[in-house]
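So the sequence lines, in the order shown, correspond to chains A and B. Start counting the first sequence at 1; every next residue gets the next number (my numbering). Start counting the second sequence at 1; every next residue gets the next number (my numbering). The beta-carbon is built from N, C-alpha and C at its ideal position, and this holds for glycine as well.
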Amino acid sequence: MKLVTAVIKPFKLDDVKDALKAIGVAGITVEEVRGFGRQGGHTETYRGAEYKIDFVPKVSLGIVVADEAVDGVVDAIVAAAATGKIGDGKIWVTDVERLVRIRTGEEGTDAI
Amino acid sequence: MRKRALRIVSGLGGVVAILAITPSVGFAQDYVPTTQDYLNNIWVFIAGVLVFFMQAGFALVEAGLTRAKNVVNIFAKNMTDAVVGILAFFATGWAFAFGEGGGWFIGTDNFFLTGLDLSAIPEGGLSPATSFFFQAVFAATAVTIASGAMAERTKFWSYVIFSAVMCAFIYPVIVHWTWGGGLIADIDINGAVFSDFAGSGIVHMTGGIAAFMGALFLGPRIGRYAEDGSPRAIPGHNIPFAILGVFILWVGWFGFNPGSELLADEFVSTIAVNTMLAAIAGGFVTAITITLVAGKPDLAMIGNGVLAGLVAITAPCGAVTPIMSVVIGAIAGALVVGSVLFFDKVRIDDPVGAISVHGVCGFWGLISVGLFATYDDAFLGREDAGLFYGGGIDQLLVQLLMAAIILVWVVVCTGILFGILKATIGLRVSREEEIQGLDVLEHGLQGYAPDMAHTS
Numbered sequence: 001m002k003l004v005t006a007v008i009k010p011f012k013l014d015d016v017k018d019a020l021k022a023i024g025v026a027g028i029t030v031e032e033v034r035g036f037g038r039q040g041g042h043t044e045t046y047r048g049a050e051y052k053i054d055f056v057p058k059v060s061l062g063i064v065v066a067d068e069a070v071d072g073v074v075d076a077i078v079a080a081a082a083t084g085k086i087g088d089g090k091i092w093v094t095d096v097e098r099l100v101r102i103r104t105g106e107e108g109t110d111a112i
Numbered sequence: 001m002r003k004r005a006l007r008i009v010s011g012l013g014g015v016v017a018i019l020a021i022t023p024s025v026g027f028a029q030d031y032v033p034t035t036q037d038y039l040n041n042i043w044v045f046i047a048g049v050l051v052f053f054m055q056a057g058f059a060l061v062e063a064g065l066t067r068a069k070n071v072v073n074i075f076a077k078n079m080t081d082a083v084v085g086i087l088a089f090f091a092t093g094w095a096f097a098f099g100e101g102g103g104w105f106i107g108t109d110n111f112f113l114t115g116l117d118l119s120a121i122p123e124g125g126l127s128p129a130t131s132f133f134f135q136a137v138f139a140a141t142a143v144t145i146a147s148g149a150m151a152e153r154t155k156f157w158s159y160v161i162f163s164a165v166m167c168a169f170i171y172p173v174i175v176h177w178t179w180g181g182g183l184i185a186d187i188d189i190n191g192a193v194f195s196d197f198a199g200s201g202i203v204h205m206t207g208g209i210a211a212f213m214g215a216l217f218l219g220p221r222i223g224r225y226a227e228d229g230s231p232r233a234i235p236g237h238n239i240p241f242a243i244l245g246v247f248i249l250w251v252g253w254f255g256f257n258p259g260s261e262l263l264a265d266e267f268v269s270t271i272a273v274n275t276m277l278a279a280i281a282g283g284f285v286t287a288i289t290i291t292l293v294a295g296k297p298d299l300a301m302i303g304n305g306v307l308a309g310l311v312a313i314t315a316p317c318g319a320v321t322p323i324m325s326v327v328i329g330a331i332a333g334a335l336v337v338g339s340v341l342f343f344d345k346v347r348i349d350d351p352v353g354a355i356s357v358h359g360v361c362g363f364w365g366l367i368s369v370g371l372f373a374t375y376d377d378a379f380l381g382r383e384d385a386g387l388f389y390g391g392g393i394d395q396l397l398v399q400l401l402m403a404a405i406i407l408v409w410v411v412v413c414t415g416i417l418f419g420i421l422k423a424t425i426g427l428r429v430s431r432e433e434e435i436q437g438l439d440v441l442e443h444g445l446q447g448y449a450p451d452m453a454h455t456s
């Protein structure tokens, strides 16, 4: 099993969610985060003094998927979240050692 | 009741007399004000302060019902209404509304409050200072109504220009036509003359129509309507703000309506009672209506319902019984729900329901005078003017005519204004800015920046 983590632009959340549901993803966890990549921030003025807004609001999604489903999920996210403009975000895939469904106690791929 | 009419007329006469005989700068007045005169002025001043506090109420309601990424912009628009609006009213608005000279259309004197003995209290009346203060905060109220309907997508500087023109010209002309004794005040149908005690029509319907025109010219927010036209909710980010705002407006209304008595007398309290009853009737009926329509008591909608009742009672508050105040507020409470659903259906995006609360229920307030008026509120000049009290349809016709005149005037003026703005500097922000949120890009500020979000 793998954890697919995607940091995307906030307004793309609806589109990504719909795309994932369309390919059968059953659950997603989201967080509001702030971050920057090569997008960088910009300089603003507050009461006459300059300051930098480096960290831009983003949304981070976490989806646990079966190994064979990873590519499909990544492709769906890229297709739905891309705008072509800087700041679109990133996706990374990591290993999940163990997965448990709390309600039933199911483990492994049965818990996805 | 005739006492009040006499007092108000003699007060106005007193102002005219004093202004006629005194030179323009600082002259000791001949009339020595009595304790009652001072009480009148102090009360109206305090009422004006309450009305000004409604600016905070409007700001909180609008901020609460829109998204966090635009919160600075919403408060900026509300600050602008007060700053630019009152400045414009000071410069030309007061002169156009109440200035000497001019005819049925507009006043032509007292720009920048010149030519007035500001603190001189005429017999039984208000000093120009008291009067200006009270009227200026009313102007600020009229203009701030539109900011809610135009929220989350309007260019800030375009909104500044709108505020200025609204308070410098569009609104003052309507005031001149009514409280200033012009076009609408001259209407007489078999002895029936206009009555809009505190401004359901003059202030609220005017603001509501401007709100509609703004929303129309702007178009809906991105994502507000699906491809097939069905509405998609964009929930507000802070319901507590919204309801606090409603409470603050509610309190402010006790300056708005009772203050419009322009005297510290026994009717201040009766007007306050009518105001209170309409507010709670509006909230109550909206709660029931929205539960029937949508299944749950939607607090955001209920907040609108309270305001609808308040707007509706603003015209008849001096002329109706407590029971009728409840009826008027109750009908407003149902009307506002229907109106919100209607404007959604025709794809006019009004984030806070300003068009429905102020435009539609302001109109209802004007009409309800023609239906339910029984006491002489010093405008009507007679008892039982309402249709259901045997007054016939004359009063109703005057109210309808007044509403029609205001509607045409505001539609034409704001149509031209928004048209010019749209064609020149632009009315709406860019798509990218609307998606990112207006706060950083229009104002360089974040409303709720977590400490980690920025470095120096």
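Based on Cα-Cα distance, which residue from the options lies nearest to residue i?
{"i": "L249 (chain B)", "options": "B:A56, B:N274, B:V340", "result": "B:A56"}
{"i": "V293 (chain B)", "options": "B:F267, B:L341, B:A272", "result": "B:L341"}
{"i": "F194 (chain B)", "options": "B:G64, B:P316, B:A449, B:K296", "result": "B:P316"}
{"i": "S458 (chain B)", "options": "B:F169, B:D298, B:G282", "result": "Since the first residue shown for chain B is 1 and the last is 456, residue 458 (chain B) is missing from the structure and cannot be characterised."}
{"i": "F241 (chain B)", "options": "B:M205, B:I74, B:L427, B:S269", "result": "B:I74"}
{"i": "I28 (chain A)", "options": "A:R34, A:P57, A:G84, A:D14", "result": "A:D14"}
{"i": "R103 (chain A)", "options": "A:I53, A:G72, A:I112", "result": "A:I112"}
{"i": "T424 (chain B)", "options": "B:W157, B:T35, B:S119, B:G103", "result": "B:W157"}
{"i": "A404 (chain B)", "options": "B:A149, B:A136, B:T286, B:M205", "result": "B:M205"}
{"i": "Q39 (chain A)", "options": "A:V100, A:V16, A:G84", "result": "A:G84"}
{"i": "F471 (chain B)", "options": "B:A76, B:A95, B:P235, B:F284", "result": "Chain B is shown from 1 up to 456; residue 471 (chain B) falls before or after that span and cannot be answered."}
{"i": "K155 (chain B)", "options": "B:I86, B:L441, B:K296", "result": "B:L441"}
{"i": "I288 (chain B)", "options": "B:S127, B:L113, B:I234, B:G338", "result": "B:G338"}
{"i": "I161 (chain B)", "options": "B:G214, B:L396, B:D376", "result": "B:G214"}
{"i": "I86 (chain B)", "options": "B:S163, B:A272, B:F53", "result": "B:S163"}
{"i": "M150 (chain B)", "options": "B:I348, B:G381, B:G362", "result": "B:I348"}
{"i": "G201 (chain B)", "options": "B:G219, B:V360, B:T286", "result": "B:V360"}
{"i": "G362 (chain B)", "options": "B:G207, B:E152, B:G370, B:G229", "result": "B:G207"}
{"i": "K2 (chain A)", "options": "A:V96, A:R101, A:E32, A:R47", "result": "A:V96"}
Please confirm whether residue i and residue j have their CB atoms less than 9 angstroms apart.
{"i": "N70 (chain B)", "j": "A264 (chain B)", "result": "no"}
{"i": "A278 (chain B)", "j": "G309 (chain B)", "result": "yes"}
{"i": "G115 (chain B)", "j": "G107 (chain B)", "result": "no"}
{"i": "T314 (chain B)", "j": "F197 (chain B)", "result": "yes"}
{"i": "I145 (chain B)", "j": "C413 (chain B)", "result": "no"}
{"i": "F55 (chain A)", "j": "H454 (chain B)", "result": "yes"}
{"i": "V78 (chain A)", "j": "V4 (chain A)", "result": "no"}
{"i": "L61 (chain A)", "j": "V93 (chain A)", "result": "no"}
{"i": "D67 (chain A)", "j": "I8 (chain A)", "result": "no"}
{"i": "V465 (chain B)", "j": "A136 (chain B)", "result": "The requested residue 465 (chain B) does not occur in the structure, where chain B is confined to residues 1 to 456."}
{"i": "I355 (chain B)", "j": "A211 (chain B)", "result": "yes"}
{"i": "P33 (chain B)", "j": "G93 (chain B)", "result": "no"}
{"i": "A312 (chain B)", "j": "G386 (chain B)", "result": "no"}
{"i": "I333 (chain B)", "j": "L65 (chain B)", "result": "It is Gly, not Ile, that sits at residue 333 (chain B) in the sequence shown. Cβ atoms of G333 (chain B) and L65 (chain B): not closer than 9 angstroms."}
Just curious, the alpha helix (DSSP H) that residue i is in, first and last residue?
{"i": "A6 (chain A)", "result": "It is not in any alpha helix (DSSP H) - A6 (chain A) instead sits in the beta strand (DSSP E) that spans 2 to 8."}
{"i": "L61 (chain A)", "result": "L61 (chain A) -> not in any alpha helix (DSSP H); beta strand (DSSP E) instead, spanning 56 to 65."}
{"i": "I91 (chain A)", "result": "Segment 89 to 95 is the beta strand (DSSP E) holding I91 (chain A); no alpha helix (DSSP H) there."}
{"i": "E432 (chain B)", "result": "431 to 436"}
{"i": "E62 (chain B)", "result": "35 to 64"}
{"i": "G125 (chain B)", "result": "Run containing G125 (chain B): none; DSSP gives neither H nor E here."}
{"i": "A315 (chain B)", "result": "It is not in any alpha helix (DSSP H) - A315 (chain B) carries neither H nor E in the DSSP assignment."}
{"i": "G72 (chain A)", "result": "70 to 81"}
Note the first and the last residue of the continuous beta strand (DSSP E) segment covering residue i.
{"i": "A49 (chain A)", "result": "49 to 53"}
Discussion item. Extract the residue ranges of the alpha helix (DSSP H) inside the stretch 236 to 285 of chain B, only unbroken runs of 4 or more that lie entirely within it.
Written reply: 239 to 259
Fill in: Runs of alpha helix (DSSP H) wholly within the stretch 16 to 45 of chain A (minimum 4 residues, chain order)
none
Worksheet item: Could you give the uninterrupted runs of the alpha helix (DSSP H) lying entirely in the stretch 141 to 226 of chain B, keeping only those of 4 residues or more?
Response: 156 to 165, 171 to 177, 206 to 218
Worksheet item: If you scan the stretch 75 to 116 of chain B from start to end, which runs of the alpha helix (DSSP H) of 4 or more residues do you find wholly inside it?
Response: 94 to 98
Worksheet item: Given a limit of 7 angstroms on CB to CB distance, which residues of the stretch 221 to 240 of chain B reach chain A?
Response: none
Discussion item. Which residues of the stretch 52 to 74 of chain A have a Cβ closer than 7 angstroms to any Cβ of chain B? Give them in chain order.
Written reply: K52, I53, D54, F55
Worksheet entry | Near-chain A residues of the stretch 68 to 84 of chain B (beta-carbon distance less than 7 angstroms), N- to C-terminal order | none
Fill in: Contact list for the stretch 19 to 38 of chain A against chain B, Cβ threshold 7 angstroms
R34
Discussion item. For a minimum of 3 consecutive residues, which ranges assigned as the beta strand (DSSP E) are wholly contained in the stretch 341 to 397 of chain B?
Written reply: none
Worksheet item: Which of the residues in the stretch 305 to 316 of chain B, read from start to end, lie with their CB under 7 angstroms from any CB of chain A?
Response: none
Item to complete: Give, in chain order, every residue of the stretch 181 to 210 of chain B whose Cβ lies closer than 8 angstroms to some Cβ of chain A.
Response: none
Worksheet item: Got a sec: which bits of the stretch 422 to 438 of chain B sit with their beta carbon under 9 angstroms from any beta carbon on chain A, in order along the chain?
Response: E432, I435, Q436, G437
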